[in-house]
Amino acid sequence: MVGTVTEVLHAADDGARLLELIASEDVTVVTLTVTEKGYRRDPSGGALALEDPLVRADLAGAPAPATVVGQLAAGLRARLRASGAPLSVVSCDNMAANGAVLRRLVRDFVAASAWDERDRLLDWLTGSVAFPATVVDRIVPATTDADRETAARALGVADEGAVTGEPFTQWVLQDIFATDRPHWEEAGARFVADVAPYQSAKLRLLNGAHSLIAYRGLAEGCETVADVLATPWGEAAVRAYCAEAAQSLPPAEGLDLAGYIDSLVVRFANPAMHHRIRQIAMDGSLKIPERWLAPLRELRAAGRDTPELVSALAAWARVTRDHPLDDPEAEALRRAWDARPPRDALRRLLGLLGAEDLADDTSLVTSVAAELHPAARTR
Ligand SMILES: NC(=O)C1=CN([C@@H]2O[C@H](COP(=O)(O)OP(=O)(O)OC[C@H]3O[C@@H](n4cnc5c(N)ncnc54)[C@H](O)[C@@H]3O)[C@@H](O)[C@H]2O)C=CC1
Ligand SMILES: O=P(O)(O)OC[C@H]1O[C@](O)(CO)[C@@H](O)[C@@H]1O
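Start counting the sequence shown at 1116; every next residue gets the next number (this note's numbering).
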């Protein structure tokens, strides 16, 4: 039993209680793990997607906000009305600069609202609400029935909240909380001034390699990350990808990139982790920009070759063409392949990733298209 969990709510059904809790002075920290989808960002610029139907409904004053940002903004308004006590809102989602992203989205929502206290709320957000950036690095795959059965056998009781986690754990937080914060460092968390080096290393190496494994593995009939690592090509593909992506990472004190890459190979190969590659492949249109496109742009701008990232993009493109997709853009991704020749389909796919600049990069598009050709080498 996790004794610190005293109440469990479903935000969609218990909206009033959620707002009451965000407004309560007893609450000093709100954390979020709602996946990239939960943020409803405009793919091109990172602003709140004001045209999204649910965001529009929340802004129009739907009785209970349905989006995460709408719920947070309404809760923060209630808090300002109740006491104005400072609060820290901590995104634990897998996005670069997740704190700044969330702060911007909440501010975008408030600024677009017709609320009377809109300007006062924006001022209060600036002075009293902190949005620290964080990086959570621990592989915890979606729980399966088999995991629940294992937990029930081990515990002697059924635990619907059981999760399976690997031995490795890392939680790095930006130390800019609005009030006294919990002493999470006593349980191993690290508080630092700047999480960006940790965030980029994790997104570009761990998550970037995961996505590569997912799209290449799907095409080859694998089911889990460990299955891919057990193939003759799995470890070499991870190492080659990481060696290339790591060139985009500046050296940072306390970060041993070579050691991290070695540890990834061991973590990915752990046969006890049934981390399904379909789970990782899900929502590629939201995950790929963070994981691959940021290093791709930086490396190309520095004049470096990017064969591994090109190959990764080709693996994703092949999956969008040949496999069923679980992605908010699934239909548009599939329709991109109505374009001929494949270079035009690739341009459309890159456009759907919000990467018009890369879609206009003829040399990149030609390289990815060459990898799609049946005669291209298989790696
Ligand atoms: N599981 C892991 O190993 C780690 C997960 N994370 C991050 O934590 C976040 C959640 O991951 P998990 O807990 O594994 O996933 P999960 O699938 O168990 O939980 C996702 C939660 O997000 C909610 N959600 C999904 N779409 C939403 C939407 N459009 N609007 C509002 N809420 C939505 C779901 O209802 C669910 O409660 C992700 O961003 C992930 O990158 C970070 C590090 C480790
Ligand atoms: O979004 P994905 O690739 O399914 O990953 C889920 C989570 O597992 C991890 O890769 C493990 O740390 C997280 O970074 C990620 O958020």
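From the three backbone atoms N, C-alpha and C, an ideal C-beta is built for every residue, glycine too.
Beta strand (DSSP E) segment containing residue i, residue limits
i     : result
D1231 : Looking at the DSSP string, D1231 is not in any beta strand (DSSP E), and its letter there is neither H nor E.
L1288 : Q1285 to Q1289
T1507 : Residue 1507 cannot be examined here, being either before or after the span of the chain that is shown, 1116 to 1494.
Where the alpha helix (DSSP H) through residue i begins and ends
i     : result
L1464 : P1457 to L1467
T1477 : T1477 to L1487
P1312 : A1311 to A1316
V1380 : L1372 to A1384
H1298 : Element bounds for H1298: n/a, residue is neither H nor E.
S1326 : G1323 to A1334
C1357 : G1349 to A1361
D1342 : V1340 to L1344
R1319 : Run containing R1319: none; DSSP gives neither H nor E here.
L1473 : E1471 to A1474
E1446 : A1445 to A1451
Rounded Cβ spacing between residue i and residue j (contact assumed at less than 8 Å)
i     : j     : result
L1163 : R1155 : 7 Å
F1224 : A1181 : With 8 Å as the limit, F1224 and A1181 do not qualify as a contact, their Cβ atoms being about 12 Å apart.
L1411 : A1432 : 14 Å between Cβ atoms; not a contact.
V1307 : H1325 : 24 Å between Cβ atoms; not a contact.
V1287 : V1250 : 5 Å
E1338 : R1391 : 6 Å
V1353 : V1380 : 6 Å
L1479 : L1473 : 6 Å
G1214 : A1248 : 4 Å
R1406 : N1322 : 5 Å
E1486 : V1425 : 6 Å
L1133 : L1124 : 6 Å
Residue i in three-state terms, based on DSSP
i     : result
R1393 : helix
R1305 : strand
V1123 : coil
T1265 : helix
V1244 : strand
R1494 : Its pLDDT being 49, under 50, R1494 is placed unreliably by the model, and the measurement read from it follows with that caveat. Of the three classes helix, strand and coil, the one that applies to R1494 here is coil, per DSSP.
T1435 : helix
E1135 : helix
R1406 : helix
F1292 : coil
E1368 : coil
D1274 : coil
G1085 : Only positions 1116 to 1494 of the chain appear in this structure, which leaves residue 1085 out of reach.
G1399 : helix
D1141 : coil
L1440 : coil
E1413 : helix
A1429 : helix
G1130 : helix
E1281 : coil
A1454 : coil
A1226 : helix
V1117 : coil
V1221 : helix
Neighbour flag for residue i against chain B, beta carbons, 7 Å
i     : result
E1446 : The structure shown contains no chain B; it is built from a single protein chain.
4 or more residues per run - each alpha helix (DSSP H) lying fully within the stretch 1145-1217: Those alpha helix (DSSP H) runs which fall completely within the stretch 1145-1217 and span 4+ residues are 1168-1174 and 1183-1197.
Any contact between the stretch 1386-1401 and the stretch 1301-1318? By contact I mean 3 or more CB pairs, one from each, below 8 Å. For the pair of segments examined, the stretch 1386-1401 was found not to touch the stretch 1301-1318: the number of CB pairs separated by less than 8 Å stays below three.
Contact between the stretch 1189-1197 and the stretch 1129-1147 (3+ Cβ pairs under 8 Å): Counting Cβ pairs under 8 Å, three or more are found: they touch.
I'd like to know if the stretch 1276-1286 and the stretch 1372-1390 are in contact, where contact means that at least 3 CB-CB pairs between them fall below 8 Å. Touching, per the Cβ criterion.
Give a yes or no on contact between the stretch 1342-1351 and the stretch 1452-1462, applying the rule of three or more CB pairs nearer than 8 Å. The stretch 1342-1351 vs the stretch 1452-1462: no contact.
Any 3 or more C-beta pairs closer than 8 Å across the stretch 1289-1306 and the stretch 1257-1267: Inter-segment contact for the stretch 1289-1306 and the stretch 1257-1267 is absent: fewer than three beta-carbon pairs are separated by less than 8 Å.
Decide if the stretch 1216-1236 is in contact with the stretch 1317-1324; the criterion is three or more beta carbon pairs, one per stretch, under 8 Å apart. They do not touch, by the three-pair rule.
Using 8 Å as the Cβ pair cut-off and three pairs as the minimum, do the stretch 1231-1247 and the stretch 1160-1180 touch? No, the stretch 1231-1247 is not in contact with the stretch 1160-1180.
Given 8 Å as the limit, is there contact between the stretch 1195-1202 and the stretch 1214-1224, that is, 3 or more CB pairs closer than that? These segments do not touch.
Give a yes or no on contact between the stretch 1432-1449 and the stretch 1354-1368, applying the rule of three or more CB pairs nearer than 8 Å. Touching, no, given that fewer than three Cβ pairs across the two stretches are closer than 8 Å.
Cβ pair count under 8 Å reaching 3, the stretch 1370-1380 against the stretch 1412-1428: Counting Cβ pairs under 8 Å, fewer than three are found: no touch.
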